[in-house]
Amino acid sequence: MSKSIAWRLALAIALTCALVMSLIGVFLYRSLASELAWRDDQALLGRLEQVRALLHDSDSLEALQERPRLYQNMLGNLDSVLLVKREDGSPLIAINPHQQALPDVPPIAQARAPQRTDIKTVGATVLLAGMAQGPAGETLSVTVGKRLDEREQMLASYRIRLYGAVGFGALMAFGLGLLLLRRGLTPLRDLARAMAGIDPRSLDQRMSADHVPAELKEPVQALNAMLARLEDSFARLSQFSADLAHEIRTPLHNLLGSNSLALNQSRSAAEYQEVLASNIEEYERLNRMAENLMFLARAEHGQRPLQLHVLDLGEVGEGLCDYFEALAEDRQLRLYNQLSGPLTADLQLLQRALGNLLANAVRHAQTGSTVRLLRHDDAEYGWIGVHNLGPAIDPQHIDKLFDRFYRVDPSRAQPGDSGGLGLAIVHSIMHLHGGQVRVVSNDSGTLFELGFARNPPTFPRSGVDTVPAQSSARTQT
8 MSKSIAWRLA
18 LAIALTCALV
28 MSLIGVFLYR
38 SLASELAWRD
48 DQALLGRLEQ
58 VRALLHDSDS
68 LEALQERPRL
78 YQNMLGNLDS
88 VLLVKREDGS
98 PLIAINPHQQ
108 ALPDVPPIAQ
118 ARAPQRTDIK
128 TVGATVLLAG
138 MAQGPAGETL
148 SVTVGKRLDE
158 REQMLASYRI
168 RLYGAVGFGA
178 LMAFGLGLLL
188 LRRGLTPLRD
198 LARAMAGIDP
208 RSLDQRMSAD
218 HVPAELKEPV
228 QALNAMLARL
238 EDSFARLSQF
248 SADLAHEIRT
258 PLHNLLGSNS
268 LALNQSRSAA
278 EYQEVLASNI
288 EEYERLNRMA
298 ENLMFLARAE
308 HGQRPLQLHV
318 LDLGEVGEGL
328 CDYFEALAED
338 RQLRLYNQLS
348 GPLTADLQLL
358 QRALGNLLAN
368 AVRHAQTGST
378 VRLLRHDDAE
388 YGWIGVHNLG
398 PAIDPQHIDK
408 LFDRFYRVDP
418 SRAQPGDSGG
428 LGLAIVHSIM
438 HLHGGQVRVV
448 SNDSGTLFEL
458 GFARNPPTFP
468 RSGVDTVPAQ
478 SSARTQT
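Following our numbering, the numbering of the sequence shown begins with 8 at its first residue and continues without gaps.
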């Protein structure tokens, strides 16, 4: 079960607040504990000095022993400790309300003022020992102390309050954060509702980015770009379906018509053979179309691995010119191969792409002109071109030339053409090679160029070898 983004962010806010408040609480707790310890230490230092002065200013030790309540009142409460001993270790004054065992604490010199570093913590009691001089000049040892029970109770109560404050603050942060996040995510819910209303019939709709938060502008723009691509893809798919139906309908009608005429009445064997020969041409047309569509589908899904070889372009060009020589002579054209140098590519796919371009060039070239195979390189690509002299292609058709079943002039379709798939196959072949294809058409002729990367990326292939081009290789247009 997926968790809400608002809940996750609210929980993160609550944990962050709890962590910050805990750090602040620890700092305040340590500060309070340090302040209480400092005050207790200062009080203990002052008590030692007071006892020293009292012992020194008294008339006699016997008078001090007769009035022990004086020291209890001076020390202030039952948590205080006072122990005065003679030089022989016998107790002179002993105030120890809890009757706890007091360890021997090294006394400081009588002439030196006591410091905080002289205070020792023993269990739950802090002790300070020093030397004092009695009324008759007798040297006495004085130990003053204070139990820490009151301080520990105060700190324990403070800790409980801190825990409560941190917990309550975390709950408040979670609740307020969840409320604010739910309100802040309202534009996302509005966007989701708007997207839910888009279907294949309304792909022309776009999300408005005028009133959305700045953080959502980029996703909204990306969604609009995706919708534009989907709209274009659906339009192309619809056009492709219509074109495919039109292309298949023509040979099917021809087959149905010729067979119906052949069955209407008895005919001679020669006439039946003529009907069968005509039918075979239509079947071949349908077969070429099916094979071309299968190739395009496999190429788009990367199911056609490349067989990369280092090819001699001169031999590749010569083989293609030999193959198209008869067709060129029928149209009174000349083929001129200017390809040269090595190229790393798939031989069969390169022959197929160049064959499709040569077939188009021969089909549309002016009678008596020359069709040229050219090569030139730049910093990024090695370009192989097919140039012919003929009518310039209208600029409105340039961007659609490589769409499936697209023809500049459908009325000029011929029985042996590719059914409008030849240039789409060229584009797919260059996509497999990671290259480019471009067209320039003007009064000086039409030039189709295939760009192969000078440093090609890694493609699915069986290896890279150096092999000679097969001059007799057949190409499928």
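Just so you know, even glycine gets a beta-carbon here, dropped at the ideal spot from N, CA and C. This one's a predicted model, so the numbers in the text were calculated from it and none came from an experiment.
Simplified DSSP state of residue i, which is helix, strand or coil
i: G452; result: strand
i: P258; result: helix
i: R419; result: Caution applies to R419, whose pLDDT of 46 falls short of 50 and renders its modelled position unreliable; the value that the coordinates give is listed next. R419: helix per DSSP, three-state reduction.
i: Q122; result: coil
i: H440; result: coil
i: Y36; result: helix
i: P226; result: helix
i: G144; result: coil
i: M508; result: The chain is shown only over 8 to 484; residue 508 falls outside these bounds and no answer can be derived.
i: Y290; result: helix
i: T484; result: Residue placement at T484 is flagged as unreliable, the pLDDT there being 47, under the threshold of 50; the coordinate-derived value follows with that caveat. Residue state, collapsed to three classes: coil.
i: Y330; result: helix
i: F409; result: coil
i: I400; result: coil
i: R59; result: helix
i: L457; result: strand
i: I115; result: strand
i: A269; result: helix
i: A139; result: strand
i: R274; result: coil
Candidates the options, of which the one nearest residue i by Cα
i: N294; options: S275, L408, L259; result: L259
i: P220; options: H316, A232, M233, L198; result: L198
i: R166; options: A229, S29, K224; result: S29
i: A131; options: F412, Q122, D156, P226; result: D156
i: Q345; options: V323, Q107, A19, R359; result: V323
i: Y388; options: L430, H440, I432; result: H440
i: P402; options: R200, G182, V446; result: V446
i: D206; options: R411, F302, E238; result: E238
i: H105; options: D86, L18, M179, L283; result: D86
i: N231; options: A201, A242, R243, R305; result: A201
i: S347; options: T453, Q49, D384, N363; result: D384
i: D125; options: F241, Y36, Q49; result: Q49
i: L356; options: R168, N299, T374; result: N299
Bridge-paired residues (DSSP) for residue i
i: L380; result: N344, V393
i: P98; result: K92
i: K153; result: S87, V133
i: F302; result: For F302, which the question treats as bridged, DSSP gives no partner whatsoever.
i: I167; result: According to DSSP, I167 bridges with nothing at all.
i: L357; result: According to DSSP, L357 bridges with nothing at all.
i: F158; result: Per the sequence presented here, residue 158 reads as Arg, with Phe not at that position. Answer is none; R158 lacks a bridge partner.
i: T128; result: V133
i: Y279; result: Y279 pairs with nothing; no bridge assigned.
i: V447; result: L454
Pair within 8 Å by beta-carbon distance, residue i and residue j
i: V378; j: A335; result: yes
i: L62; j: L147; result: yes
i: P142; j: S65; result: yes
i: L223; j: A13; result: no
i: A366; j: N395; result: no
i: A399; j: D450; result: yes
i: L340; j: L361; result: no
i: V88; j: L109; result: yes
i: G184; j: I432; result: no
i: L408; j: D353; result: no
i: K153; j: D47; result: yes
i: L315; j: F181; result: no
i: V151; j: L22; result: no
i: E456; j: W390; result: yes
i: A139; j: R59; result: yes
i: S267; j: S285; result: no
i: L303; j: S435; result: yes
i: L234; j: R213; result: yes
i: L430; j: N363; result: yes
i: A40; j: L135; result: no
i: Y36; j: L195; result: no
Whole-angstrom C-beta distance between residue j and residue i, which should lie under 8 Å
i: V129; j: A25; result: Going by Cβ atoms, the distance from V129 to A25 rounds to 37 Å, so no, they are not a contact pair.
i: G137; j: P114; result: 5 Å
i: L320; j: R382; result: 6 Å
i: Y413; j: G427; result: 6 Å
i: V112; j: V149; result: Their Cβ separation, rounded to whole angstroms, is 10 Å, which puts V112 and V149 out of contact at 8 Å.
i: V227; j: A216; result: 4 Å
i: R93; j: E159; result: Contact flag wrong, Cβ pair sits at about 34 Å.
Within-8 Å CB hit, residue i to chain D
i: C24; result: Here chain D cannot be found, since the structure has a single protein chain.
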